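For reference, the structure discussed in these notes is given below.
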Amino acid sequence: MNVPLRVFIQEVKRRSGLAALAFLIAAAPLPLSAQKDSCVDCHLQLDGELKAPAEGFSSDVHKQFGLSCKDCHGGNPNQEDVELAKDRTFKGSPERAKIPEFCGSCHADSNYIRRFNPNLRVDQLSLYWTSRHGLLLKKGDSRGAVCTDCHGVHGILPANFPKSQVFAWNIPQTCGRCHSKADLMSAYGIPVGQVDDYKQSVHARALFEKKDLSAPVCNDCHGNHGAAPPEVTSIAFVCRQCHPSAGDLFSKSPHKEAFDGLGVSECEACHGNHRIQSPSDEFLAGGREDVCVQCHDAGTEPYKTGLEIKKLIDEFVASSSADEELLKSAERKGVEVGEAQFKLQDGKTALVLARNLTHGLSRSEIETSLTEGRKALTEVQARGRAALQEAKFRRSGLVVATAFIILLAVGLYLKIRDLQKTSAPK
Amino acid sequence: MARLWEKIRDYLEPRFLLSAVRDLAGKKKVPEHKRSFWYFFGGICLFLFLIQVMTGILLMLYYTPSVDAAHESVQFIMAQVKFGWLIRSVHSWTANILIGVIFVHMFSAFFLKAYRPPRELTWITGFLLLVLFLAFGFSGYLLPWNELSFFATRVGTDIAGVIPVVGKGLKTFILGGPEVSGATLTRFFWLHVGILPAIAVLIMGIHVLLVQTLGMSKPIGVTVTKEISFFPDFVLKDSLGWLIILAAVGAVCVFLPWEAGPKADPFASTPLGIKPEWYFTFMFTTLKLVPAHIFSVEGEVLAVLGFMLGGFLLLLVPLLDRRAAREKRSPVFTAVGLAVVVYIVVMTALTYLAPNIGK
Amino acid sequence: MKRRTFVNLFLGGSLLGTVISFLYPVIRYLIPPRQAEAAAKRILAAKAGELAPNSAKFFRFGSTAAVLVNTSEGQLRAFSAVCTHLTCTVRYEADTGTLFCPCHNGRFDLAGNVISGPPPRPLEAYEVEVSGSDIYVSRKT
Chain A
28 MNVPLRVFIQ
38 EVKRRSGLAA
48 LAFLIAAAPL
58 PLSAQKDSCV
68 DCHLQLDGEL
78 KAPAEGFSSD
88 VHKQFGLSCK
98 DCHGGNPNQE
108 DVELAKDRTF
118 KGSPERAKIP
128 EFCGSCHADS
138 NYIRRFNPNL
148 RVDQLSLYWT
158 SRHGLLLKKG
168 DSRGAVCTDC
178 HGVHGILPAN
188 FPKSQVFAWN
198 IPQTCGRCHS
208 KADLMSAYGI
218 PVGQVDDYKQ
228 SVHARALFEK
238 KDLSAPVCND
248 CHGNHGAAPP
258 EVTSIAFVCR
268 QCHPSAGDLF
278 SKSPHKEAFD
288 GLGVSECEAC
298 HGNHRIQSPS
308 DEFLAGGRED
318 VCVQCHDAGT
328 EPYKTGLEIK
338 KLIDEFVASS
348 SADEELLKSA
358 ERKGVEVGEA
368 QFKLQDGKTA
378 LVLARNLTHG
388 LSRSEIETSL
398 TEGRKALTEV
408 QARGRAALQE
418 AKFRRSGLVV
428 ATAFIILLAV
438 GLYLKIRDLQ
448 KTSAPK
Chain B
75 MARLWEKIRD
85 YLEPRFLLSA
95 VRDLAGKKKV
105 PEHKRSFWYF
115 FGGICLFLFL
125 IQVMTGILLM
135 LYYTPSVDAA
145 HESVQFIMAQ
155 VKFGWLIRSV
165 HSWTANILIG
175 VIFVHMFSAF
185 FLKAYRPPRE
195 LTWITGFLLL
205 VLFLAFGFSG
215 YLLPWNELSF
225 FATRVGTDIA
235 GVIPVVGKGL
245 KTFILGGPEV
255 SGATLTRFFW
265 LHVGILPAIA
275 VLIMGIHVLL
285 VQTLGMSKPI
295 GVTVTKEISF
305 FPDFVLKDSL
315 GWLIILAAVG
325 AVCVFLPWEA
335 GPKADPFAST
345 PLGIKPEWYF
355 TFMFTTLKLV
365 PAHIFSVEGE
375 VLAVLGFMLG
385 GFLLLLVPLL
395 DRRAAREKRS
405 PVFTAVGLAV
415 VVYIVVMTAL
425 TYLAPNIGK
Chain C
12 MKRRTFVNLF
22 LGGSLLGTVI
32 SFLYPVIRYL
42 IPPRQAEAAA
52 KRILAAKAGE
62 LAPNSAKFFR
72 FGSTAAVLVN
82 TSEGQLRAFS
92 AVCTHLTCTV
102 RYEADTGTLF
112 CPCHNGRFDL
122 AGNVISGPPP
132 RPLEAYEVEV
142 SGSDIYVSRK
152 T
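Protein chains in written order, with the numbering used here: chain A, 28 to 453; chain B, 75 to 433; chain C, 12 to 152.
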């Protein structure tokens, strides 16, 4: 039953009581679930670019709040005739440069947004104008990203929904749509390797492989709507959000003053920015990926301290591995070493702490931490040795028991022969 | 030393009428011929059973049959209890060796047609003992409550549930509920240390009594009359075999101690390649290979019924083999037996060599 | 020495040796080990009065590290001490009354919830049971 909304309401008002109820029930399925929306109905019958908005809108977050085409584009969805539908309020699709204001007409209006989600921020537009993308737009260059480039359009999903273009693990791809294209970036002198670099980083591995949503993506360091590369002096603050202990240690070390004085970005100088790898002991002085040598010449005091620090850590790693091997060998021989392996964890924790302490550059602190760890390792070693002793004991016990068994077997054999000899003559 | 022995003997003599026993024992003779080597296997089964009882009793001292503590108690035995690793490994290894030796013993008796009259009941009690010991193996396997045993039990009882009419009820009875749980663990423990040992001792008593009463069967057509006395000659030779096995078990336990394995997690998904203990694998692989439907009957049901029928026929072999009863060679039965052995060996081997065949 | 006597002695001696090499392990087995019971689902973590308010004790629970905290109000709480971020062992910080992970500064409140930092999940909480002067910790069912 295809009843125009106005008529339907008139009829319900006229009829009353049970009749109205009956009418409601009979008419309910159609009008209540598909309120007349001529925009959607009409556009669904078109092709290609004109059909896409209507199709995509069914999964759009705005629809869940009861909004529809007219709430953004204006017009009258009750009118079937296309000319009448595009009435005075009809805004049509905005041109690219006007999109931020277009979205902002609602999303920057806190009174309006409060009706739907009081918790939702309304400063995106103002932030946007401070971003590199916004600044470009202000200058008249509309090639910079606008709202729809990142959030999509006619099918926008909430940012915390895993399929959304702006959900954590989709963000590198979304930013990469422009930032990996050399032809787009060359006009601005922006390099295009960031996304590829990021994908090889430890942060990307945490995000994509371990599904750790606390791992940073583009917006965590660059900002969302106010996106801009952090200033050199800000990089360190950005990293410190998640790595404060390393940051504190660094700030207390002689490096802080030196780096700031030279205008060198703190964390980035040794760890890089996009292609941040899992740091290894080889970063230390004398290692294969020595970062100290960037500023310190071999033979200088600082470099020598660095070498000492690496030596301390290498020694600890060596004894830890040796002890682990000891336990594995005991285990292979069949002795249970669960308790010792648990103790080994303490050693590993001490190593993690010591490695973090390298940011503080204090040899004495590192030594103290490793000494703590060594206590655990000593116990592990003792247990490992005891386990190997146990394995030896078992084998020698076996030898003894088997020897007695063999002797007994020989004795039995002799007895049998003896008995046979005595019974034979009969 | 000899004086002491004499004194003890003189004390016990009138009280136990030892001389009567000694006379009887002295009279017993065992035939000796080309195939008499197979006579030892029954005694080896008995010896291994005694080892299981002793190590089992020792394990009961530290084992707890509860879901919260079973696995932990086994780990405790392996790690903390002095020689716990040895007692437990002996128990696990001997269980497997025992079942293997039972099969050898049974097939040697089959091929030597030792089931001929008057030894039919020896065979029947023997077959019952095979079934009992398979039940021992199945129930004992769950007790450490590790991943392998949990899922092997689940797979095994699922197969039992397939039997038409009684399957569902049987499965619920065995499991103590709809699925493998703490109730299953206590029930299997009850079976393993209470019910099965009691029945086994009873039936084993009958079996050994029959063997002692009737003496060893000579294969058809063997005419040599050479005999050795049971006591002390045969017993001493028996003991020699037992000692060799003891030494072998000890060596295996030192170099290949049994693992505790990861604790069972009923909510985890079944690990890939799960299979029951080796002595059930020939049935397991048969079920995997059987087509889903044969003449509109479910393949699995047919296979399970087939095994039950096969077992039943094996049980009744003394009554079926008429020719052997008349002391005539019965090549048909020998051939069928050979086929069964080959089938079991091939199916077992396939389980390990081609683990991905079948569904 | 007669052959018979030698054989008997030899047999007897080796029998004795064999029996002893079997009895020795069995007797050692029967003697109770130092740790009396298997580490079960429930462990005696501390004695009453052992922990002052606003302090914590770390212990092993099964195969993982665990912590028993006595809050400043005198309440006993127990948690897994394994940080849910990258499995470092957390510490108790008395001045903030929180459990703190030094690896990446993850912080948990005394309900196990994440207050700040990268940990994605709260710390697993355990049951604390005081029985007389014994404080037992067990896994929540």
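Using N, Cα and C, we set each Cβ at its ideal position, and we do this for glycine too.
For clarity, every value in this text was computed on a predicted model and none was experimentally measured.
Chain B contact residues for residue i, given Cβ-Cβ distances below 7 Å
i: C:ARG39; result: LYS156 and PHE157
i: A:LYS448; result: Result: empty, since nearest Cβ-Cβ is about 12 Å, beyond 7 Å.
Integer-rounded CB distance, given that residue j should sit under 8 Å from residue i
i: B:ALA169; j: B:GLY214; result: 6 Å
i: C:THR88; j: C:VAL139; result: The question names Thr, but residue 88 of chain C is Arg in the sequence shown. That belief holds up - the Cβ atoms of C:ARG88 and C:VAL139 are roughly 6 Å apart, short of 8 Å.
i: B:GLY158; j: B:TYR189; result: With a Cβ gap of about 42 Å, B:GLY158 and B:TYR189 do not count as contacting.
i: A:PRO243; j: A:HIS230; result: 5 Å
i: B:VAL323; j: B:ILE118; result: About 11 Å; that fails the 8 Å criterion.
i: B:LYS245; j: B:GLY256; result: Not confirmed; about 17 Å, so no contact.
9 Å Cβ cut-off: residues of chain A touching residue i
i: B:MET152; result: GLU363
i: C:THR100; result: GLN372, ASP373 and THR376
i: B:VAL148; result: Near B:VAL148 there are no residues of chain A at all, since even the closest Cβ is about 11 Å away, more than 9 Å.
i: B:VAL282; result: Those within 9 Å of B:VAL282 in chain A number zero; the least Cβ separation is about 22 Å.
Proximal chain C residues relative to residue i, where beta-carbon distance stays under 9 Å
i: B:LEU389; result: Correct list: empty, because the minimum Cβ distance to chain C is about 37 Å.
i: B:LEU132; result: VAL37, TYR40 and LEU41
i: A:PHE369; result: ARG71, SER74, THR75 and ALA76
Cross-chain neighbours of residue i in chain B, by beta carbon under 9 Å
i: A:LEU439; result: LEU310, LYS311, SER313, LEU314 and LEU317
i: A:LYS442; result: PRO306 and LEU310
7 Å Cβ cut-off: residues of chain A touching residue i
i: C:SER32; result: VAL427, ALA428 and PHE431
i: C:LEU116; result: According to the sequence shown, residue 116 of chain C is Asn rather than Leu. PRO271 and SER272, listed in chain order.
i: B:GLY324; result: LEU425, ALA428 and THR429
i: C:TYR44; result: With the sequence shown as reference, residue 44 of chain C is identified as Pro, and Tyr is not the correct amino acid for it. The contacting residues do not exist; C:PRO44 stays about 13 Å from chain A at best.
i: B:PRO331; result: GLY361
i: B:LEU320; result: ILE432
Within chain C, the residues that residue i reaches when beta carbons sit closer than 7 Å
i: A:LEU240; result: PRO131
Chain C residues whose Cβ lies nearer than 8 Å to that of residue i
i: A:ASP445; result: ARG14, ARG15 and VAL18
i: A:VAL320; result: Here the premise fails: no neighbours, minimum Cβ distance about 28 Å.
Within chain A, partners of residue i - CB distance below 8 Å
i: B:VAL254; result: Near B:VAL254 there are no residues of chain A at all, since even the closest Cβ is about 26 Å away, more than 8 Å.
i: C:PRO113; result: SER272, LEU380 and ASN383
Exercise. Quick one, which residues of the segment 18-30 of chain C are near chain A if we go by CB-CB under 7 Å, in chain order?
Worked result: VAL18, PHE21, LEU22, SER25, LEU26, GLY28 and THR29
For this session: May I ask you to list, following chain order, the residues of the segment 286-312 of chain B that have a beta carbon less than 7 Å from some beta carbon of chain A?
Result: Taking 7 Å as the Cβ-Cβ cut-off against chain A, the residues of the segment 286-312 of chain B that qualify are PRO306, ASP307, LEU310 and LYS311.
Exercise. Taking only runs of the beta strand (DSSP E) that begin and end inside the segment 97-175 of chain B, which ones reach a length of at least 3 residues, in chain order?
Worked result: 103-105
For this session: Kindly provide the ranges of any alpha helix (DSSP H) runs that are 4 or more residues long and lie completely inside the segment 377-451 of chain A, ordered along the chain.
Result: 390-450
For this session: Mind the definition here: the segment 86-102 of chain C touches the segment 242-262 of chain A only if three or more C-beta pairs lie below 8 Å; say whether that holds.
Result: With contact defined as three or more Cβ pairs closer than 8 Å, the segment 86-102 of chain C and the segment 242-262 of chain A are not in contact.
Exercise. Taking Cβ-Cβ distances below 7 Å as the criterion, which residues of the segment 420-435 of chain A are in contact with chain C?
Worked result: VAL427, ALA428, PHE431, ILE432, LEU434 and LEU435
Problem set entry | Contacting positions in the segment 154-184 of chain B - beta carbon closer than 9 Å to chain C | GLN154, VAL155, LYS156, PHE157, GLY158, LEU160 and ILE161
Exercise. Should the segment 395-407 of chain A be regarded as contacting the segment 76-93 of chain B, the criterion being three or more beta carbon pairs within less than 8 Å?
Worked result: no
For this session: May I ask you to verify whether the segment 218-225 of chain B touches the segment 138-150 of chain B, counting CB pairs closer than 8 Å and requiring at least 3?
Result: yes
For this session: Could you tell me which uninterrupted beta strand (DSSP E) segments, each at least 3 residues in length, are contained entirely in the segment 295-328 of chain B, listed from first to last along the chain?
Result: 301-303
For this session: Inspect the CB distances between the segment 92-104 of chain B and the segment 300-308 of chain B and report whether three or more fall short of 8 Å.
Result: yes
Exercise. Would you call the segment 172-183 of chain B and the segment 356-363 of chain B touching, i.e. three or more CB-CB distances under 8 Å?
Worked result: Counting Cβ pairs under 8 Å, fewer than three are found: no touch.
Exercise. What residues in the segment 70-87 of chain A bring their beta carbon closer than 9 Å to a beta carbon of chain B?
Worked result: none
For this session: Mind the definition here: the segment 192-205 of chain A touches the segment 132-150 of chain A only if three or more C-beta pairs lie below 8 Å; say whether that holds.
Result: no
Problem set entry | Against chain C: residues of the segment 219-237 of chain A by CB proximity under 7 Å | Going along the segment 219-237 of chain A in chain order, one finds no residue with a Cβ nearer than 7 Å to chain C.
Problem set entry | chain C contacts made by the segment 377-394 of chain A, where a contact means CB separation under 9 Å | VAL379, LEU380 and ASN383
Problem set entry | Three or more C-beta pairs below 8 Å linking the segment 103-123 of chain C and the segment 256-276 of chain A | A contact exists between the segment 103-123 of chain C and the segment 256-276 of chain A.
For this session: Scan the segment 42-97 of chain C and note each continuous beta strand (DSSP E) run of 3 residues or more that stays entirely inside, going in chain order.
Result: Whole beta strand (DSSP E) segments, 3+ residues: 53-58, 66-72, 75-81 and 87-91.
Problem set entry | Residues in the segment 91-107 of chain B having any Cβ partner in chain A nearer than 9 Å | none
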